[in-house]
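See below for the structure under consideration.
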Amino acid sequence: MEMIKASKLIFDYIRRNEEDQIEEVNRAIDGLDAEIGTGDFVAVLGHNGSGKSTFAKHINGILLPTEGTVWISHMDTKDVDRIWDIRKTAGMVFQNPDNQIIGNIVEEDVGFGPENMGVPTEEIWKRVDESLKAVGMTAYRMRSPNKLSGGQKQRVAIAGVMAMRPQCIVLDEPTAMLDPNGRKEVIRTVRELNKREGITVLLITHYMEEVVDADRVIVMDGGKIVMDGTPREIFAQVERLKAYRLDVPQITELAYELKKAGMDLPDGILSREELIEHLVPLISTGV
Amino acid sequence: MAIKVEHIDHIYGAGTAFAQYALRDVNFTIEDGEFVGLIGHTGSGKSTLIQHLNGLLRASNGQIYYNGECIYTNDYDMRALRGKVGLVFQYPEHQLFEADVFSDVCFGPKNLGLSKEEIDARAREALGQVGLDESFYRQSPFELSGGQKRRVAIAGVLAMHPEVLILDEPTAGLDPKGRDEILEEISELHRKKGMTIILVSHSMEDIARYASRLLVMNQGEKVFDGTPKEVFRHYRELEAMGLAAPQITYIVHELQERGVGIPQDLTTVEEARDAILQAWKGK
Numbered sequence: 215m216e217m218i219k220a221s222k223l224i225f226d227y228i229r230r231n232e233e234d235q236i237e238e239v240n241r242a243i244d245g246l247d248a249e250i251g252t253g254d255f256v257a258v259l260g261h262n263g264s265g266k267s268t269f270a271k272h273i274n275g276i277l278l279p280t281e282g283t284v285w286i287s288h289m290d291t292k293d294v295d296r297i298w299d300i301r302k303t304a305g306m307v308f309q310n311p312d313n314q315i316i317g318n319i320v321e322e323d324v325g326f327g328p329e330n331m332g333v334p335t336e337e338i339w340k341r342v343d344e345s346l347k348a349v350g351m352t353a354y355r356m357r358s359p360n361k362l363s364g365g366q367k368q369r370v371a372i373a374g375v376m377a378m379r380p381q382c383i384v385l386d387e388p389t390a391m392l393d394p395n396g397r398k399e400v401i402r403t404v405r406e407l408n409k410r411e412g413i414t415v416l417l418i419t420h421y422m423e424e425v426v427d428a429d430r431v432i433v434m435d436g437g438k439i440v441m442d443g444t445p446r447e448i449f450a451q452v453e454r455l456k457a458y459r460l461d462v463p464q465i466t467e468l469a470y471e472l473k474k475a476g477m478d479l480p481d482g483i484l485s486r487e488e489l490i491e492h493l494v495p496l497i498s499t500g501v
Numbered sequence: 417m418a419i420k421v422e423h424i425d426h427i428y429g430a431g432t433a434f435a436q437y438a439l440r441d442v443n444f445t446i447e448d449g450e451f452v453g454l455i456g457h458t459g460s461g462k463s464t465l466i467q468h469l470n471g472l473l474r475a476s477n478g479q480i481y482y483n484g485e486c487i488y489t490n491d492y493d494m495r496a497l498r499g500k501v502g503l504v505f506q507y508p509e510h511q512l513f514e515a516d517v518f519s520d521v522c523f524g525p526k527n528l529g530l531s532k533e534e535i536d537a538r539a540r541e542a543l544g545q546v547g548l549d550e551s552f553y554r555q556s557p558f559e560l561s562g563g564q565k566r567r568v569a570i571a572g573v574l575a576m577h578p579e580v581l582i583l584d585e586p587t588a589g590l591d592p593k594g595r596d597e598i599l600e601e602i603s604e605l606h607r608k609k610g611m612t613i614i615l616v617s618h619s620m621e622d623i624a625r626y627a628s629r630l631l632v633m634n635q636g637e638k639v640f641d642g643t644p645k646e647v648f649r650h651y652r653e654l655e656a657m658g659l660a661a662p663q664i665t666y667i668v669h670e671l672q673e674r675g676v677g678i679p680q681d682l683t684t685v686e687e688a689r690d691a692i693l694q695a696w697k698g699k
């Protein structure tokens, strides 16, 4: 069953002048078709302006299609009556944690979503407990969010989304502002939510290393999906990715360069272990 | 000798019960024409430190010298210092405000009281340095892509003709190509114009590729100062501080542990490729 489905999706950013006449139309999504299965961990890559974030904002109805349709868990996002169900089903986490946190203390921030949904108090506390536990932030529940590191803030933001009990989380470059440790914390948390709780994850990122463990990688360019496959299939196509202004993880690039120089290595090596296991016998025998 | 930092402390809330050291006894000298990388986890004091270098923040203790002159003497010209030490903040595109790209870049030099011709010339030169041609001049900065906006903001600082350029995470949120383009442009300013560069980054790979010297901050103190190769040798200590070494460093160390004879201090893909090929062909 698919969690997210987009059919012939088109989205135009329309600029109007002071007289409300259309001055410029900028097509950000151009006939996109996509299906994302329940429980999948899907990474979305694409250069700035490729339409990734515009697509992400369609998933919970922040933006509505100019043409075509997006369904989330079989609900049409254009269905005004179901907008709250849609937003409960798909939660979003953005780039800058400081723009997403509103509570004075961590637990208050996490409880904000369910409180607005009219969840009974007892149930809110239960959800706050569970969500903080799920992101490993229980020890910080009485702290001020201002005093947390970037990675911790982002985990609080994820807990806030989790407290709404979504079936799907869309993360739009959640690690762009974080240091290496913060990046690791956030990616580990998201992966665990996907594995343990079966939450469907759509992760938009510019860090190729974060994509390696996804079930599936989608590459966008010019408002369309241009590549779709497993990380190994995608990262085996080094030159094509570079043509889309993207990159491969350094490990993959090193393997690719070595292969080009004549070493007998498979395409799309993704992990350190894999590369080492292939390299050691090659180097020791000199073949 | 461009910048000399001597025993500076920065204490937030000094004299109160909440006094907290953001910087503690930091010392270093940055020579003219160096390309210095500055790394540290969030809250390590990097941003506080760079704001001292052009006088936006004042040290609680200690001295800072720019070209041999102490910037804390009473008659020191702070305004001139801010022109010479250009600071590009994180997400500098949030500071764009003019109606078109060209006017935005002119804003700084206009405030220096220069002639119209000189202002125009500087804006053209600065936009050229960041790779934006005339077709961008009359566009609204708000309709550009993320990478283009950031270039406009950097050009605004370059138009002040700084001798030292400090950039706080200039590539955050940019796609890989945009990241490489901006870093290449910065590197060119360094190579061709001899500009002193201080680059704050969370990307160890970028630092390894461009910086010739690396300063590491941890909890307000400078903990390492050396070439990237020297500093990344301490990758386990860096990890304990919430940092890391470039991925290549890990590969090289693991290969060594497995008995492959390659040099220890490799940090970039090109270096690792050449060393591995040499070990392979040497057999």
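These protein sequence lines are chains A and B, in that order. Here the working numbering runs 214 ahead of the position in the first sequence, where the first position is 1. Here the working numbering runs 416 ahead of the position in the second sequence, where the first position is 1. By construction, the Cβ of each residue, glycine as well, lies at the ideal position given by its N, Cα and C atoms.
- In this chain, the beta strand (DSSP E) harbouring Thr-612 (chain B) covers 612–616.
- Residue contact check for Gln-381 (chain A) against chain B: no CB pair falls below 8 Å.
- Residue environment: Ile-316 (chain A) is assigned as exposed (fewer than 16 neighbouring CB atoms within 10 Å of its CB, all protein chains considered).
- Note that the C-beta distance between Ala-438 (chain B) and His-426 (chain B) is below 8 Å.
- In terms of Cα proximity to Thr-268 (chain A), the closest of A:Arg-459, A:Lys-398, A:Ile-448, A:Ile-418 is A:Ile-418.
- Here DSSP, grouped into helix, strand and coil, assigns Gln-564 (chain B) to helix.
- Closest in C-alpha terms to Met-434 (chain A), from the list A:Gln-235, A:Asn-240, A:Ile-228, A:Asp-247, comes A:Asp-247.
- Here the alpha carbons of Glu-467 (chain A) and Ala-695 (chain B) stand approximately 19 Å from one another.
- Here Val-462 (chain A) carries a coil assignment [DSSP, helix/strand/coil].
- Counting the other CB atoms within 10 Å of its CB gives Met-356 (chain A) a total below 16, which places it among the exposed residues.
- For Tyr-651 (chain B), the enclosing alpha helix (DSSP H) begins and ends at 651–656.
- Taken through DSSP and simplified to helix, strand or coil, Thr-414 (chain A) comes out as strand.
- With respect to chain A, the C-beta atom of Val-685 (chain B) has a partner C-beta closer than 8 Å.
- Contact check for Ala-569 (chain B) against Met-391 (chain A) fails: the beta carbons are separated by 8 Å or more.
- Collapsing the DSSP output to three states places Glu-534 (chain B) in a helix.
- Counting along the chain, the unbroken beta strand (DSSP E) around Gly-642 (chain B) starts and ends at 637–642.
- Interface criterion not met: the Cβ of Ile-319 (chain A) is under 8 Å from no Cβ in chain B.
- Following the DSSP letters along the chain, one finds Asn-477 (chain B) in no alpha helix (DSSP H) but inside the beta strand (DSSP E) bounded by residues 477–482.
- Not flagged as an interface residue toward chain B: Glu-488 (chain A), since no C-beta distance is shorter than 8 Å.
- Identification of chain B residues near Ala-475 (chain A) by a Cβ-Cβ cut-off of 8 Å yields Arg-689, Leu-693, ordered along the chain.
- Under the Cβ criterion (8 Å, minimum of three pairs), the segment 292–311 of chain A counts as touching the segment 367–378 of chain A.
- The beta carbon of Gly-499 (chain B) is closer than 6 Å to those of Met-576 in its chain, skipping five residues each way along the sequence.
- When the Cα atoms are used, Gly-396 (chain A) and Arg-402 (chain A) turn out to be separated by approximately 10 Å.
- The way I'd put it, the segment 275–286 of chain A doesn't touch the segment 252–259 of chain A; fewer than three beta-carbon pairs between them come closer than 8 Å.
- Around the beta carbon of Arg-341 (chain A), a 10 Å sphere encloses 16 or more other beta carbons of the protein chains shown; the residue is thus reported as buried.
- With a cutoff of 8 Å on beta-carbon distance, Val-494 (chain A) and Tyr-470 (chain A) are scored as not near each other.
- From the beta-carbon of Gln-511 (chain B), no residue of chain A is found nearer than 8 Å; the closest lies around 16 Å away.
- For the pair Val-307 (chain A) and Ile-372 (chain A), the CB atoms are nearer than the 8 Å cut-off.
- If you draw a 10 Å sphere on the C-beta of Phe-640 (chain B), you find 16 or more other C-beta atoms in it, and that means buried.
- Neighbours of Glu-621 (chain B) in chain A, taken as residues whose beta carbon is under 9 Å from its own, are Gln-464 in chain order.
- Contacts with chain B (Cβ-Cβ distance below 7 Å) from the segment 268–280 of chain A involve no residue at all.
- In the three-state DSSP reduction, Gln-672 (chain B) falls in the helix class (H, G or I).
- Per DSSP, reduced to three states, the secondary structure at Glu-450 (chain B) is coil, with no helix or strand assignment.
- When the five nearest sequence neighbours on each side are left out, the beta carbons in the same chain lying within less than 6 Å of the beta carbon of Ala-257 (chain A) are those of Leu-417, Val-425, Ala-428, Val-431, in order along the chain.
- Thr-683 (chain B) is classed as buried because its beta carbon has at least 16 other beta carbons within 10 Å across all chains shown.
- The C-alpha of Asp-596 (chain B) lies about 11 Å from the C-alpha of Arg-625 (chain B).
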